[in-house]
Amino acid sequence: MKEGRPRSFYVLAIFFAAYVLFLYGPMIAIYVLSFQGPQGGLTFPMNGVSTFWIAKLFQGTGIVDLGAAFRRSLLLGVIVMIVTVVLSVAAGMAFRRKFKAQGILFYSAIASLIVPSIITSLGISLEFRIIDDLIKAHWNENFETSMGLLTSGLGAHLTWTLPFGLLIMFAIFNRFDPRLEEAARDLGATPWQAFRHVVLPIILPSVIGIGLFGFTLSWDELARSSQAIGAVNTLPLDLQGLTTTVTNPDIYALGTVISAVSFTVIALALGTIHMLNKRQAAKGSDAGQGLV
Amino acid sequence: MDTSEDILQQASPGLIPGSGTARAAKVTRLSPSFISWLQAGPMMLVFLAFFLIPLVFVVIVSFWDYNEYQLLPAFSGRGYTDTFEGCIAQLPDLCTIAKTYLKTLKLCFLVWVITLFIGFWVAYFLAFHVKSKTWQMGLSLLCTIPFWTSNVIRMIAWIPLLGRNGLVNSGLVKSGLINHPLEWLLFSEFSVVLALVHLFTFFMVVPIFNSMIRIDKSLIEAAYDAGATGFQTLVNVIIPLAKPGIVIGSIFVITIVMGDFITIGVMGGQQIAAAGKIIETRVNALQFPAAAANAVILLIITFLIITMMSRIVDIKKEL
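Chains as they are written, first to last, in the numbering used here: chain A, 1 to 292; chain B, 1001 to 1319.
This is the structure:
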C-alpha cells in the first residue's frame, strides 16, 4: 500500500535537513570547543580535550562572577515562569467570555510582542528614573534607586513572556470542548472543582508549555534587560559583554553552561508533557468520543 | 498563589448563573464582568505598568531638554533637532539618520526575503510532505528547541566557523580556492544577515505552518483533478491560503530586525550603524531625550510598516 513519494519530497527533505544542520551545527561547534585543553583557542582544530575551561568557570577565577549572575538569572527565570503561568491561565479563562477590555488587553499583548525591545526597555528605564527622581525630591534625599532585578527587570521580562503565554492559552481554548466543563457543573461541581478536576488536567500539558516559554525566554533575555535591569547583570548580559573582549574559550565554556541549563529545562518540560499526554491517553475517559 | 486561586475559583459561575450549591450562590453575586476583570486584570496591570506607561514616558521624555549628565524636564525639541542635524543643510547628500535608516531597511529587506524563502519551504515540507502526526510533532520540535536557547550563544557560535582562522576560511585556503582568508565573513553585514536569518527564521516558520496546516487537503486534490500543475496549485491555491501566516511571520521578522541592536552589534563587531543601535548609543551617552526621540521615530516607522501589512490580513481573526 506504500505510495511512492513525489520528487519534490526528496528535494524538500534535503532542504529541511540542511536547515536543521544550519540551526544546530554552529551551536554544536562551540559546545565541542569548550572542552578544549588549557592551550585551546577560539577556533578549530581542538587543542587537546579537557574540562579545564568549564572547571575554571566554576572556580570563580574566570572572567565573570558566574555564581552570582547564575543565581540571579535562575531566580528571575523561576519567578517569571510562575507569574507567566498564573497570569496567562487566569487571563486565558477570562477570554472564554466576552468582557469589556478584551480588545485593549489583546492589542496590548500583541503590541508588547512586536514593539522593538529596545523601546520597551528604554521606556521602563525612563519610568523608573522618573520615579526615583520623585522619591528623591519629595520623600528621601538619600534614596538610591527603585530599579532592580525584581522590579524593573521582572517587569521587562514579563512584557516579553506574557504575550506568548496568552497566545498559547488562545490555542488551548480554541480546541477545548466546553461541554466537558458543563458536564462537571451539571454533576454538581463547584466552579473551583470544575476547574481543578476537569479543565486543569486537560490543559495541563500546554500549561507546562507556557512555563517552558516563561523560563527559557527569561533565562536568555537580553534586549529588554539591557536598559531595565539596574546595576546588576544577568548571565546573558555578562556573556554579551564578553563578546568584544575575550580571546580564549572561556566564553564558549560559559555558553555551554548556560545552554546546559536550557536543555535540562527543555528536557524536563517535554518529558513531563509527554508523560501527561500518555497518562491522559491511557486513563482518560472516552467522554465525547462517539459524539462528534 | 492564594489570590490567583480565588480568581480561578470564580472562573465559571457566569456561565451557569444561579446554579446549585450555597457556595456557588455566594460567588454568583459577583457579576460575570467583575470576574473577568479579576482574571484578566493582573495581566492588564503588568502591561500597563511595564509597557503602556513606559511608552508614554518615551514620548514625553523625547520632548525634554538635557545636558551632559541629566534630564531637564522642560519642553524642548532638541532630541529631534539633534537627531535630524544636517538633514536639510547637507542636501542633496544624506544625513546620518537617513543613511542609518536606509541601511537598517536594507538589512531588514534582505533578512525578510531570505527568512520568507526558507520559512515557507520548511513549513511547506512539514505541513504537506510529513504525513505522520508523530513525525510532524518531532520535526516541529526540532525547529523550536533552538528558540528556547540563548541568542547570544547562537551568535558566538559563528565565530569558530567564520573567523579569520575559522573552519570556512581554513577549508577554502586548504582547497586552494583562495590565497588569503576572507575578511568579510565575520563582523560584517554578511555575518549580521546570516545571524539574523539563523535566529529568526523560526518566527516565519511557525505562523506559515499554522496557516498551511489548516488548508483543507481536498482543495489541493481538487486543483490537481482539475488539471492544475504543481506550480499552478502552489501559486493559486496554497500561497493565497497561507497568506495570513506569511503576513504575520513577516511582521515578526521585520519588527525584530528594525529594532535589533544586539545581533547587529555582536555580529557587526560594533561597527555597523542601525536604528536600534542609535538608541543604545544615545542611552550610553546619557542623552535620554535624544534616545527617546529616536525611539519615537523607530516606533512610528515600525507602526507604519505593520499598518501597511495588516491591511492585507485581519490579524485577530487568524490567532
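Note that the Cβ used here is the ideal one computed from N, Cα and C, for glycine as well.
On a predicted model such as this, the values are computed, not experimentally measured, just so you know.
- Between residue 145 of chain A and residue 84 of chain A, the CB-CB gap reaches or exceeds 7 Å.
- Collapsing the DSSP output to three states places residue 1071 of chain B in a strand.
- Closest by C-alpha distance to residue 10 of chain A, out of B:1035, B:1154, B:1125 and B:1148, is B:1125.
- Among the residues of the segment 60 to 93 of chain A, those with a Cβ less than 9 Å away from any Cβ of chain B are 82, 83, 86, 87, 88, 89, 90, 91, 92 and 93, in the order of the chain.
- Residues are counted here when their Cβ sits less than 8 Å from a Cβ of chain B; for the segment 242 to 256 of chain A these are 243, 244, 251, 252 and 255, given in chain order.
- By the Cβ test, the segment 1062 to 1069 of chain B is not in contact with the segment 113 to 124 of chain A, since fewer than three Cβ pairs between them sit closer than 8 Å.
- Around residue 15 of chain A, the beta-carbon contacts reaching into chain B at under 9 Å are 1118, 1121, 1122 and 1125.
- At a cut-off of 7 Å between C-beta atoms, residue 30 of chain A counts as an interface residue with respect to chain B.
- Contact between residue 78 of chain A and residue 263 of chain A does not hold, since their C-beta atoms are separated by about 17 Å, which reaches or exceeds 8 Å.
- For the C-beta of residue 1167 of chain B, the chain A residues within less than 7 Å are, from N- to C-terminus, 44.
- For residue 1058 of chain B, the closest Cβ of chain A is nearer than 7 Å.
- Sequence-distant partners of residue 1200 of chain B (beyond 5 residues in either direction) whose C-beta falls short of 8 Å from its own C-beta, in its chain, are 1111, 1115, 1252, 1253, 1256 and 1257.
- Looking only at B:1301, B:1311, B:1030 and B:1309, the smallest Cα-Cα distance to residue 1101 of chain B is reached by B:1301.
- Here residue 184 of chain A is buried: its Cβ has 16 or more other Cβ atoms, across all protein chains shown, within 10 Å.
- Of all C-beta pairs linking the segment 1230 to 1244 of chain B to the segment 1064 to 1083 of chain B, fewer than three are shorter than 8 Å, placing the two stretches out of contact.
- Along the segment 1287 to 1308 of chain B, the positions whose C-beta sits under 8 Å from a C-beta of chain A are 1288, 1291, 1292, 1295, 1298, 1299, 1302 and 1306, read in chain order.
- Residue 159 of chain A is not a Cβ neighbour of residue 1084 of chain B, given a cutoff of 7 Å.
- By the Cβ rule, the segment 1130 to 1144 of chain B does not count as touching the segment 214 to 230 of chain A, because fewer than three pairs are nearer than 8 Å.
- If you draw a 10 Å sphere on the C-beta of residue 1109 of chain B, you find fewer than 16 other C-beta atoms in it, and that means exposed.
- A straight-line Cα-Cα distance of about 39 Å links residue 1236 of chain B and residue 91 of chain A.
- Within the DSSP secondary-structure output, residue 1064 of chain B pairs in a beta bridge with B:1075.
- At least 7 Å separates the CB of residue 177 of chain A from every CB of chain B.
- Restricting attention to alpha helix (DSSP H) runs no shorter than 4 residues, the segment 1090 to 1136 of chain B encloses them at 1096 to 1124, ordered along the chain.
- Taking 7 Å as the threshold, the shortest C-beta distance from residue 279 of chain A to chain B does not fall below it.
- Rounded to the nearest angstrom, the gap between the Cα atoms of residue 157 of chain A and residue 1054 of chain B is 14 Å.
- The continuous alpha helix (DSSP H) containing residue 131 of chain A extends over residues 117 to 138.
- Contacts between residue 1151 of chain B and chain A, judged by CB atoms closer than 7 Å, involve 220 and 222 in chain order.
- Under the three-pair Cβ rule at 8 Å, the segment 1190 to 1209 of chain B counts as touching the segment 1256 to 1270 of chain B.
- By the neighbour-count criterion, in which 16 or more other beta carbons inside 10 Å mark a residue as buried, residue 1184 of chain B falls on the exposed side.
- Nearest to residue 100 of chain A by alpha-carbon distance, out of B:1057, B:1037 and B:1052, is B:1037.
- At a cut-off of 7 Å, the C-beta of residue 26 of chain A has a neighbouring C-beta in chain B.
- Not a single C-beta of chain B is nearer than 7 Å to the C-beta of residue 208 of chain A.
- Interface flag for residue 149 of chain A against chain B is unset, since no Cβ pair is found closer than 7 Å.
- The beta-carbon of residue 1074 of chain B is placed no less than 7 Å from the nearest beta-carbon of chain A.
- By the Cβ-count criterion, residue 1271 of chain B is exposed, with fewer than 16 other Cβ atoms from all chains shown falling within 10 Å of its own Cβ.
- Bounds of the alpha helix (DSSP H) holding residue 1300 of chain B are 1288 to 1310.
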